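The numbering of the sequence shown is my numbering, which starts it at 51 and goes up by one.
No residue lacks a Cβ here, since even glycine has one placed at the ideal position from N, Cα and C.
Remember, predicted model here, so these are calculated numbers, not experimental data.
Take a look at the structure below.
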Amino acid sequence: MNAPEPVFEAPWHAQVFALTVHLNEAGHFAWSDWATRFGATLKRHGLSKDLNGGDDYFTAWLDTLETYLAETGSAPTDDVNKTRDAWAQAYLSTPHGAPVSL
């Protein structure tokens with residue numbers, strides 16, 4: 051029997067999930083280490099309630115991934131911030147309905 055595919059509320063939830071799984075499968079970190087870090091982030095965010103996999107959950111997920119990659123030097127915080135700012139600027143300057151690109 052195959053496991054059911056995860057269901058995501060937003061495309062970025064699926065993307066950050068897939069990126070994390072890919073980085074784990076590529077040997078960048080052990081899943082048990084990831085799970086420990088993610089649990090600590092959820093606790094720090096005060097997310098002790100049952101989560102439905104929405105924005106609060108995946109915001110904590112992304113926070114964990116960014117922090118982990120910054121700590122390992124794989125994605126330094128300054129680089130992440132510059133890229134985030136560039137995407138925000140591209141989004142804000144792209145006409146409605148047009149694809150956003152850097």
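Exercise. Going by beta carbon distance, what residues of the same chain come within less than 8 Å of residue 74, once the five residues before and after it are set aside?
Worked result: Numbered from its first residue, the sequence shown carries residue 74 at position 24. For residue 74, where only same-chain residues beyond five positions count, the Cβ hits under 8 Å are 80, 81, 84.
For this session: From the DSSP output, in three-state form, read off residue 104 for me.
Result: Mapped onto the sequence shown, residue 104 falls at position 54. Note: residue 104 maps to coil in three-state DSSP.
Exercise. Between residue 70 and the ligand ZN, is the CB less than 7 Å from at least one heavy atom?
Worked result: With respect to the ligand ZN, the structure shown offers nothing to examine, as it has no ligands at all.
Exercise. Terminal residues of the continuous alpha helix (DSSP H) containing residue 88?
Worked result: Against the sequence shown, residue 88 aligns to sequence position 38. Its alpha helix (DSSP H) spans residues 81 to 94.
Exercise. Distance, Cα to Cα, residue 60 vs residue 66?
Worked result: Position 10 of the sequence shown holds residue 60. Position 16 of the sequence shown holds residue 66. Looking at the two C-alpha atoms, the distance is approximately 10 Å.
Exercise. Hey, would you say residue 120 sits closer than 8 Å to residue 127, going by beta carbons?
Worked result: Reading the sequence shown from its first residue, position 70 is the one you call residue 120. Reading the sequence shown from its first residue, position 77 is the one you call residue 127. Less than 8 Å divides the Cβ of residue 120 from the Cβ of residue 127.
Exercise. Residue 59 by DSSP, collapsed to three states: which one?
Worked result: Working through the sequence shown from its first residue, we reach residue 59 at position 9. If DSSP states are grouped into helix, strand and coil, residue 59 belongs with coil.
For this session: Quick one: using the 10 Å Cβ neighbour count with 16 as the cut-off for buried, is residue 141 buried or exposed?
Result: Sequence index remark: in the sequence shown, residue 141 carries index 91 (1-based). By the neighbour-count criterion, in which a residue is buried when 16 or more other Cβ atoms sit within 10 angstroms of its Cβ, residue 141 is exposed.
Exercise. With DSSP run on the structure shown, which of helix, strand or coil describes residue 71?
Worked result: Residue numbering aside, residue 71 sits at position 21 when the sequence shown is read from its first letter. Residue 71 falls in the helix class under three-state DSSP.
For this session: Compute the Euclidean distance between the alpha carbons of residue 139 and residue 78, then round it to the nearest angstrom.
Result: Walking along the sequence shown from the start, residue 139 turns up at place 89. Walking along the sequence shown from the start, residue 78 turns up at place 28. Spanning the alpha carbons of residue 139 and residue 78 requires a straight line of approximately 30 Å.
For this session: Quick one: grab the DSSP three-state call for residue 115.
Result: As a working mapping, residue 115 is identified with position 65 in the sequence shown. Secondary structure of residue 115 (DSSP, three-state): helix.
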